[in-house]
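Protein chains in written order, with this note's numbering: chain A, 1 to 416; chain B, 1001 to 1407.
Shown next, in structure tokens, is the structure this report addresses.
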Amino acid sequence: MYPHGSSAIDRPPVTHQEYCGGVTLICQPMVSASASVDIWIGAGSAIETEEEQGSAHFLEHMIFRGTEFDYLIESQGGVSNAATSLDYTHFSFTVPAAGLATTLPYLAHMLSQPRFDPEDFEQEKLVVLEEINYCYDDPEWVCHQLLQQTAYNAHNYGRSVLGAYPVVAKLTLADLQKFHRRHYTPANMTIACTGAIDIALVRSLVAENFLQLPYHPPLQAGIIFPKANRCVKYLPQLHHARLLMGWLGTSAERWEDGLGLDLIATLLWGGRSSRLVHELREDYQWVHDLDGGFALQKYPGLFTISATLEPEYVERTESHILRTLSHMARGKISPQELAKAKRSLCNSFIFAMECPARLASFLGYHTMLGCHDLCNHWTTVYNEVVMSMEIADLQYLAQRYLSPDRLTVITCLPHP
Amino acid sequence: MERHKYTLDNGITLISIENPAVDLVSAKFFFRYGTQVETPEQAGLVHLVTAMITKGTEVHTAQEIAELIESRGAVLSAEASADYLVINTKTLTSDFASIFALTSEILRRPTFPESELELERYLTLQGIKAKQERPFSIAYDQMQTLLFGKHSYGLPLLGFPETVSQLTQAHLQTYHRQYLRPDHLVIALAGNLSPDRALTLVQEYLGDWHTPHPAPPSPQPPQPQPPTHLHIPKATQQAIVMVSYPAIPVTDANYSAMKLIATYLGSGLSSRLFVELREKQGLAYEVSAFYPTRQFTSQLSAYMGTAPQNIDRAKTGLEQECQRLAETALPPAELDLAKSKLLGQYALSKQTNSQLAQTYGWYECLGLSVDFDQHYQAQVQAVTPEQLQHTAQQCFQAPSIVIVSAN
Chain A
1 MYPHGSSAID RPPVTHQEYC GGVTLICQPM VSASASVDIW IGAGSAIETE EEQGSAHFLE
61 HMIFRGTEFD YLIESQGGVS NAATSLDYTH FSFTVPAAGL ATTLPYLAHM LSQPRFDPED
121 FEQEKLVVLE EINYCYDDPE WVCHQLLQQT AYNAHNYGRS VLGAYPVVAK LTLADLQKFH
181 RRHYTPANMT IACTGAIDIA LVRSLVAENF LQLPYHPPLQ AGIIFPKANR CVKYLPQLHH
241 ARLLMGWLGT SAERWEDGLG LDLIATLLWG GRSSRLVHEL REDYQWVHDL DGGFALQKYP
301 GLFTISATLE PEYVERTESH ILRTLSHMAR GKISPQELAK AKRSLCNSFI FAMECPARLA
361 SFLGYHTMLG CHDLCNHWTT VYNEVVMSME IADLQYLAQR YLSPDRLTVI TCLPHP
Chain B
1001 MERHKYTLDN GITLISIENP AVDLVSAKFF FRYGTQVETP EQAGLVHLVT AMITKGTEVH
1061 TAQEIAELIE SRGAVLSAEA SADYLVINTK TLTSDFASIF ALTSEILRRP TFPESELELE
1121 RYLTLQGIKA KQERPFSIAY DQMQTLLFGK HSYGLPLLGF PETVSQLTQA HLQTYHRQYL
1181 RPDHLVIALA GNLSPDRALT LVQEYLGDWH TPHPAPPSPQ PPQPQPPTHL HIPKATQQAI
1241 VMVSYPAIPV TDANYSAMKL IATYLGSGLS SRLFVELREK QGLAYEVSAF YPTRQFTSQL
1301 SAYMGTAPQN IDRAKTGLEQ ECQRLAETAL PPAELDLAKS KLLGQYALSK QTNSQLAQTY
1361 GWYECLGLSV DFDQHYQAQV QAVTPEQLQH TAQQCFQAPS IVIVSAN
């Protein structure tokens, strides 16, 4: 029944996630010399109030201030990373297997008791403000931000994760402390461990180090439904136009639909023989580049197509994409192109999960979102769900999610 | 993991790394010289070859090749770099033989069809234009010209609009004939494939590949250029400040010391530039240094993006941090930290099959042999504070500086 793929991944089973004092833990031992840990905290920017915009991201910076964490990681030859997004703040590291027992408690301590030194705060504010300037020099970031802002309108998903410059400039240390107290709670944390790990040891490290955090129930951000929209903007730094089309997709509780949207994206622009790349880039030669994908999030994420092209081709490219999607909603998909897209998507997953750190990130993120079946049986479920999709399933998904009333279109042009 | 090396009669070198952890194979086909053979008049030639080589053979059209690859969920790509041209493939093990056969055909019998050439030329010209949207790219390209002049290392990978417009099918064919030849080829295979099977496949599809043409002369190293300071006006939020010094090639006895210098200055959040210029002075969000591994003269470049009013502090800061290493010996504890960092990251960069194929194939292609892997790690361990200071003194003389900022 299962055509291929599952045989390509041979791993001991994932340990079922568990709740130690509110923390969710998921472990996947692998043959490796290193251990990877990924901690996801449900404290992203979408949970911020109007006045505390930028706090989640600024706090991520402050967690590291005044610590020896970088030294600890780098002296073992490890690597670490941190990032803030709409739904979460994310901390990860990879170290030689023996380093796990010292590194995990150290990070736990940083997360539970940041130093919050007033001088450090002022110094780091300069860095955070430079980061905002840095992003405004990146045209892809600017265009994408405009799409989010337009598509989500009043919902917090419409705001920049970094926060607006003037709001961030006014943030105080007390704002960050308040944000930390409210959101950095065990019930709000998911930890994924992969690679050369001893599960009993990981459990005891988590129990000892993450239970002492004060417990507060997680807050829920209210859902405000976005409204469909359209926006044209001139950006002087551009040398080519950008066309971004974003449809309001599904949310994490329907993650199978999310995989279906990934499959549609692969079918449309995953590779040179895919439908839109073949037509728009190779055949008509209207676009230079096509990109995009679906972002699975807590609340409905965007299914995005973005094209780099000359201004005179913007209109016809948009019409062509809309026509293609309406064909799809009528079931006009060939069995060959579906089979090809399924295989590409399944193989990309197998290729990506070869690396312990990528797997930790996949498991941590999807466990945090509550996609437990997907994580507990990741070696088979992902590919089984993808391989089981039929033309009628894609037709249904296109009708349900990729309709004109869920669409936002952003056009960014180099000059009027 | 065990590595096996074979040399075929026609000069092909095969490196085979058997790794049964996951049921896939990554194969990389490295050809010597990369863009080194470009003249300023043909800048962009090797990039255009990589864009075109998968777009038609004597047997298959561009579209058929894409279909064959994508219907198996495989990956096929080609890229040019300063010292080599590489074709990458990744497949499930069960598909490997058929993708290997197709790749062999692409290497041996590409046709570079005119209609595809027009498309790729157009897209390359657009890509050149798009670089103007990124202040870092502008600074980087300009710096390469200052450091390496008319040598290929000084030329932008995509070429210039005027050179790309004039490249023809005949140029691509000549390049293929002269440089993509069995005695310039190193194949690195990593994954769930035995060395015997690897050798059989290479012999079957590439064993009878012979070229009647004599090998062209080896490219020459770049000539030293005078240090230059340059300001490029561009309306941006941040100014880019880049301070660069010519640096030793991978074959130099002090290469490991130079890698440690770059690690100490610019790698990770505990690096010197990050701590001094970002954490203590709040000058930048992004501040770093890079030292690419090169067959000929390389560069040590330190750079940051900063607010326009901080340009002078940024420039002084970057330059002083480099000079400091020439003036005083690094305390042993700091040197040890840099060693752990460099060796640890090196180990982590050899985890997946494609990373393994990349590392060993590249070394072999540079003429260092796969043993360089061990040799390099031992050399890093052995670097002393004196050696590091001596290497810094040689490197950190007068820098070239590029600033991209409004007015």
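All C-beta atoms, glycine included, are put in the ideal place defined by N, C-alpha and C.
Since we're looking at a predicted model, the values are computed, not measured.
Report the neighbours of B:Thr1352 on chain A: residues whose CB is nearer than 7 Å to its CB, in chain order.
Neighbours of B:Thr1352 on chain A, chain order: Glu354 and Cys355.
Report the option in B:Pro1110, B:Pro1195 and B:Leu1199 whose CA atom is closest to the CA atom of B:Leu1008.
Selected option, being the one with the closest Cα: B:Leu1199.
Could you tell me the distance, in whole angstroms, from the CA atom of B:Ser1081 to the CA atom of A:Lys342?
For B:Ser1081 and A:Lys342, the distance between alpha carbons rounds to 33 Å.
Which residues in the same chain as B:Gly1266 place their Cβ atom closer than 6 Å to its Cβ, once the five residues preceding and following it in sequence are excluded?
Excluding positions up to five away in sequence, the list reads Leu1273, Ser1288 and Ala1289.
Got a sec, what are the start and stop residues for the alpha helix (DSSP H) A:Phe349 sits in?
Counting along the chain, the alpha helix (DSSP H) containing A:Phe349 begins and ends at Pro335 to Ala352.
With three or more beta-carbon pairs closer than 8 Å as the criterion, would you say the segment 1072-1087 of chain B touches the segment 1018-1025 of chain B?
The segment 1072-1087 of chain B, when compared against the segment 1018-1025 of chain B, does not touch it at the 8 Å Cβ threshold.
Using a Cβ cut-off of 7 Å, which residues of the segment 348-380 of chain A contact any Cβ in chain B, in chain order?
Residues Ile350, Phe351, Glu354 and Cys355.
Pull up the distance between the alpha-carbon of B:Glu1364 and that of B:Tyr1006, whole angstroms please.
Distance between the alpha carbons of B:Glu1364 and B:Tyr1006 is about 12 Å.
Looking only at C-alpha atoms, which of B:Ile1261, B:Ile1138, B:Leu1300 and B:Met1052 sits nearest to B:Leu1342?
That would be B:Ile1261, whose Cα lies nearest to the Cα of B:Leu1342.
With H, G and I counted as helix, E and B as strand and the rest as coil, what does DSSP make of A:Ile73?
Reduced to three states, the DSSP call for A:Ile73 is helix.
Give me the Cα-Cα distance between A:Thr15 and A:Asn376, rounded to the nearest whole angstrom.
One C-alpha to the other measures close to 7 Å.
For a cutoff of 8 Å on Cβ pairs, would you count A:Gln53 as touching chain B?
It does not; no Cβ of chain B falls within 8 Å.
Nearest chain B C-beta to A:Thr28 closer than 8 Å, yes or no?
Here residue 28 of chain A is Gln; the residue named in the question, Thr, does not match the sequence. Not an interface residue.
Taking only beta-carbon positions, decide if A:Pro416 is within less than 8 Å of chain B.
Taking Cβ atoms only, chain B never reaches closer than 8 Å to A:Pro416, which makes this a no.
Could you give the distance in angstroms between the alpha-carbon of A:Trp255 and the alpha-carbon of A:Gly292?
C-alpha separation (whole angstroms): 18 Å.
Give the DSSP-derived three-state secondary structure of A:Arg182 in the structure shown.
In the structure shown, A:Arg182 sits in a helix (DSSP, three-state: H, G or I).
When you compare only the Cα positions, how much space is there between A:Cys346 and B:Glu1319?
Whole-angstrom Cα-Cα distance: 49 Å.
For A:Val409, count neighbouring C-beta atoms within 10 Å of its own C-beta (all shown protein chains included) and say buried if the count is 16 or more, exposed if not.
Looking at its Cβ environment, which holds 16 or more other Cβ atoms inside 10 Å, A:Val409 is buried.
Do you know offhand how far B:Gln1397's Cα is from A:Val142's?
Using only the alpha carbons, I get a separation of about 39 Å.
How big is the Cα-Cα spacing for B:Thr1293 and B:Ser1104?
Taking the straight line joining both Cα atoms gives about 28 Å.
Under 8 Å by Cβ, that's how I've got A:Pro414 and A:His288 pegged, so tell me the actual separation to the nearest angstrom.
The Cβ separation is near 13 Å, so there is no contact.
Please state if the CB of A:Pro114 and the CB of A:Ile63 are separated by a distance shorter than 8 Å.
Contact: yes.
Can you grab the Cα-Cα spacing for the pair B:His1375 / A:Asp137, in whole Å?
Cα to Cα, the separation comes out at about 42 Å.
Give a yes or no on whether the minimum CB-CB distance between A:Pro236 and chain B is below 8 Å.
Yes, its Cβ sits closer than 8 Å to a Cβ of chain B.
Whose C-alpha, out of B:Leu1092, B:Gln1063, B:Glu1067 and B:Val1049, is nearest the C-alpha of B:Tyr1084?
Looking at the Cα atoms, B:Val1049 is the closest of the given residues.
Mind reading off the beta-carbon distance from B:Pro1110 to B:Gly1056? Whole number of angstroms is fine, and I expect it under 8 Å.
Yes, B:Pro1110 and B:Gly1056 are in contact; Cβ-Cβ is about 7 Å, under 8 Å.
Interface residues of chain A around B:Glu1018 at Cβ under 7 Å?
None at all; the shortest Cβ gap to chain A is about 14 Å.
Which runs of the alpha helix (DSSP H) spanning at least 4 residues fall entirely within the segment 1119-1205 of chain B, listed in chain order?
Fully enclosed alpha helix (DSSP H) runs of 4 or longer: 1135-1148, 1161-1166 and 1169-1179.
Just tell me which of B:Glu1002, B:Ile1401 and B:Gly1011 has its CA closest to the CA of B:Pro1227.
Minimum Cα distance to B:Pro1227 is reached at B:Ile1401.
Please confirm if the segment 1068-1077 of chain B is in contact with the segment 1034-1043 of chain B, defined as three or more CB-CB distances below 8 Å between the two stretches.
Short answer: they don't touch.
Buried or exposed: A:His155, going by 16 or more other Cβ atoms within 10 Å of its Cβ?
Under this definition A:His155 is a buried residue.
For the putative contact between B:Ala1329 and B:Gln1394, defined by C-beta atoms under 8 Å, what is the C-beta separation to the nearest angstrom?
With a Cβ gap of about 15 Å, B:Ala1329 and B:Gln1394 do not count as contacting.
Taking the C-alpha atoms as reference points, what is the distance between A:Pro3 and B:Gly1073?
Unreliable placement is indicated for A:Pro3, whose pLDDT of 36 sits below 50; the coordinate value is still reported in the next sentence. Spanning the two alpha carbons is a distance of roughly 13 Å.
What are the complete alpha helix (DSSP H) segments, minimum 4 residues, inside the segment 1283-1365 of chain B?
Runs found: 1311-1327, 1332-1348 and 1353-1365.
The beta strand (DSSP E) with A:Cys143 in it runs from where to where?
Here A:Cys143 belongs to no beta strand (DSSP E); instead the alpha helix (DSSP H) covers Pro139 to Tyr152.
Is A:Ala43 helix, strand or coil by DSSP?
Here A:Ala43 sits in coil by DSSP.
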